[in-house]
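Colleague: Right, I'll just put the structure down here and ask away after.
There are 2 protein chains.
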Amino acid sequence: MSEAKIRFEMVKRRHKKRFEEAVKKQEADEAIIPLCEFINNTKHFFTSSSCSGRILLLALKGKRKRDASFHRKWHRKVSFEEVWRGIEDAKNCELWFKTEPFIIHIGASSLKKAEKILDIKNKAGVKRGGIIVAKPGKFILELIGTEEIALPVKFGDKIIVSKSFMKEVVKNANEKIEANFERLKKFESIIRAELK
Amino acid sequence: MSEAKIRFEMVKRRHKKRFEEAVKKQEADEAIIPLCEFINNTKHFFTSSSCSGRILLLALKGKRKRDASFHRKWHRKVSFEEVWRGIEDAKNCELWFKTEPFIIHIGASSLKKAEKILDIKNKAGVKRGGIIVAKPGKFILELIGTEEIALPVKFGDKIIVSKSFMKEVVKNANEKIEANFERLKKFESIIRAELK
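Listed in order, the protein sequences are those of chains A and B.
The opening residue of the first sequence carries number 1 in our numbering; numbering runs sequentially from there.
The opening residue of the second sequence carries number 1001 in our numbering; numbering runs sequentially from there.
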């Protein structure tokens, strides 16, 4: 076996193990498990940390607001009421409402195999991402959807958005997260058809 | 000359010409011209369409709102007044307020040279992007900053945000666009130190 191949097998084994542990502990994002399992069972590919997309309330703390934590996180459509409750419950932070598209990390055994993923990305209309690590035996791709919303909703204890505005934003966020899941489904179906 | 090398020279010539024409017609984003010129004068790299980052009002039209056009666009900090005037002036569209980080496209002559750009990306703390085209003689990288805001502000003729809320958003957008320019500067200084 070539050095690159040994390295790939080693890296793949490590990532696969980490994924299986996350599934066991129910820490993995459910909507993306079948796709990850399919990729991990191919010969030349594996997945690393991935997310199907989410709606969230992000709390920024500290002087430079670099300390970010999930105040709420949903991998699904949300109701205005649960979002508003989440906003009311937040304390002593700068709170942001966000939708984030899926983000998938895929390892490939060679540049040629990595190119294959770039082809599939283009076919599925996934706009963002590319090869982020390129070493013999270790090619990692990051693929990201595009549907995004991001706005501040609370500073300290002061809610800065109105209920009627947030109702519109939540409606829009639900549309965007649906479109995101549709794109992910399309990507998954092309992956299943084209990867061996 | 190898086939890959001929291809690289051809692609580089085409992109360089396009860039020079854009500068002549004053269509290029000024803040990014020196960086592009530096890269275009190296042996193994060139730039393709790039943007230093911007604050904008985006108008979505048509049934599925896929028809997007710039209602306003600023490659700089903005005042609340000019943003609000822009919002008031928009007609018959779904209007979004956004900040978008820089996006830079760099061509490299080989995988090894492309890896060099990935290294610089990591050193500069540029979070998003990677190699998006990987063909002999044609490696294209896309690098993207991270500071983003995106929210709907007007549906049809109805403004859905309050003035006081938009004042906070504009303040935040100005902070984000500043941080974006700072990161771009850091990236440029590392590029100048490390590329030949």
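Positions of the beta carbon are idealized from the N, C-alpha and C atoms, including for glycine.
Just to confirm the assignment, what range does the alpha helix (DSSP H) spanning ILE120(A) have?
Modeller: Per DSSP, ILE120(A) belongs to the alpha helix (DSSP H) from 111-123.
Colleague: Can you check DSSP and say which residues form a bridge with GLY107(A)?
Modeller: GLY107(A) pairs with PHE46(A), ILE140(A).
Colleague: Taking the straight line between their C-alpha atoms, what separation do you get for ILE1160(B) and VAL1153(B)?
Modeller: The straight-line gap from Cα to Cα measures roughly 5 Å.
Colleague: State the DSSP-derived secondary structure class of ALA1022(B), mapped to helix, strand or coil.
Modeller: In this structure, ALA1022(B) counts as helix in the three-state DSSP scheme.
Colleague: Take every Cβ of the segment 110-130 of chain A, pair it with every Cβ of the segment 25-41 of chain A, and state whether three or more of those distances are shorter than 8 Å.
Modeller: With a cut-off of 8 Å, the segment 25-41 of chain A and the segment 110-130 of chain A do not count as touching, because too few Cβ pairs lie within range.
Colleague: For chain E, check one thing: does any of its Cβ atoms lie closer than 8 Å to the Cβ of ALA150(A)?
Modeller: Protein chains in the displayed structure are A and B, and chain E is not among them.
Colleague: Using the beta-carbon of each residue, which ones in chain A are nearer than 7 Å to LEU1111(B)?
Modeller: Near LEU1111(B) (Cβ distances below 7 Å), the residues of chain A are LEU111, ALA134.
Colleague: According to DSSP, is PRO1034(B) helix, strand or coil?
Modeller: Here PRO1034(B) sits in helix by DSSP.
Colleague: Indicate whether the contact test is met: 3 or more Cβ pairs, each with one atom in the segment 1041-1054 of chain B and one in the segment 1103-1112 of chain B, closer than 8 Å.
Modeller: Contact holds: three or more Cβ-Cβ distances are below 8 Å.
Colleague: Consult DSSP for GLY1086(B) and reduce its assignment to one of helix, strand or coil.
Modeller: Reduced to three states, the DSSP call for GLY1086(B) is helix.
Colleague: Quick one: list the residues of chain B neighbouring VAL169(A), beta-carbon separation under 9 Å, in chain order.
Modeller: In chain order: LEU1151, PRO1152, ILE1160.
Colleague: Is the beta carbon of ALA59(A) closer than 8 Å to that of ALA95(A)?
Modeller: Per the sequence shown, residue 95(A) should be read as Leu rather than Ala. Cβ atoms of LEU95(A) and ALA59(A): closer than 8 Å.
Colleague: Would you mind working out which of ARG1183(B), LEU1035(B), GLY1156(B), GLU1082(B) sits nearest VAL1170(B), comparing C-alpha positions?
Modeller: Considering only alpha carbons, the answer is GLU1082(B).
Colleague: In the DSSP assignment, the alpha helix (DSSP H) including PHE165(A) goes from what residue to what residue?
Modeller: Start and end: 163-194.
Colleague: Taking its Cβ as the centre, do 16 or more other Cβ atoms sit within 10 Å of ILE191(A), making it buried, or is it exposed?
Modeller: With 16 or more Cβ atoms within 10 Å of its Cβ, ILE191(A) is classed as buried.
Colleague: So which residues of chain B does GLY142(A) contact, with C-beta pairs closer than 9 Å?
Modeller: Sequence check: residue 142(A) is Glu here, not Gly. Within 9 Å Cβ-Cβ: ARG1128, GLY1129, GLY1130.
Colleague: To be precise: take each residue of the segment 1170-1192 of chain B, compare its Cβ to all Cβ atoms of chain A, and keep it if any distance is under 8 Å. Which residues remain?
Modeller: Going along the segment 1170-1192 of chain B in chain order, one finds ASN1172 with a Cβ nearer than 8 Å to chain A.
Colleague: Would PHE1165(B) count as contacting chain A if we go by Cβ distances under 8 Å?
Modeller: With 8 Å as the cut-off, PHE1165(B) counts as an interface residue toward chain A.
Colleague: Over what stretch of residues does the beta strand (DSSP E) that includes ALA1028(B) continue unbroken?
Modeller: Note, ALA1028(B): premise wrong, no beta strand (DSSP E); not H, not E.
Colleague: Report yes or no: is there a C-beta of chain A within less than 8 Å of the C-beta of GLU1115(B)?
Modeller: With 8 Å as the cut-off, GLU1115(B) counts as an interface residue toward chain A.
Colleague: Whose Cβ in chain A lies nearer than 9 Å to the Cβ of GLU1118(B)?
Modeller: Residue identity differs from the one stated: residue 1118(B) is Leu in this sequence, not Glu. ILE131, ILE132, VAL133, ALA134, listed in chain order.
Colleague: Please state whether DSSP places ARG1066(B) in a helix, a strand or coil.
Modeller: Here ARG1066(B) sits in coil by DSSP.
Colleague: Can you give me the Cβ contacts of LEU1195(B) inside the same chain, cut-off strictly under 6 Å, excluding the 5 residues immediately before and after it?
Modeller: For LEU1195(B), where only same-chain residues beyond five positions count, the Cβ hits under 6 Å are THR1042.
Colleague: Are the beta-carbon atoms of ALA179(A) and GLU147(A) separated by less than 8 Å?
Modeller: Yes, the Cβ-Cβ distance between ALA179(A) and GLU147(A) is below 8 Å.
Colleague: Assuming contact is defined by CB atoms lying nearer than 8 Å, are SER52(A) and PHE181(A) in contact in what I supplied?
Modeller: It is a contact, given that the beta carbons lie within the stated cut-off.
Colleague: Quick one: Cα of GLU997(B) to Cα of PRO101(A), how far?
Modeller: Chain B is shown from 1001 up to 1196; residue 997(B) falls before or after that span and cannot be answered.
Colleague: Can you tell me whether DSSP reads GLU1003(B) as helix, strand or coil?
Modeller: Helix at GLU1003(B).
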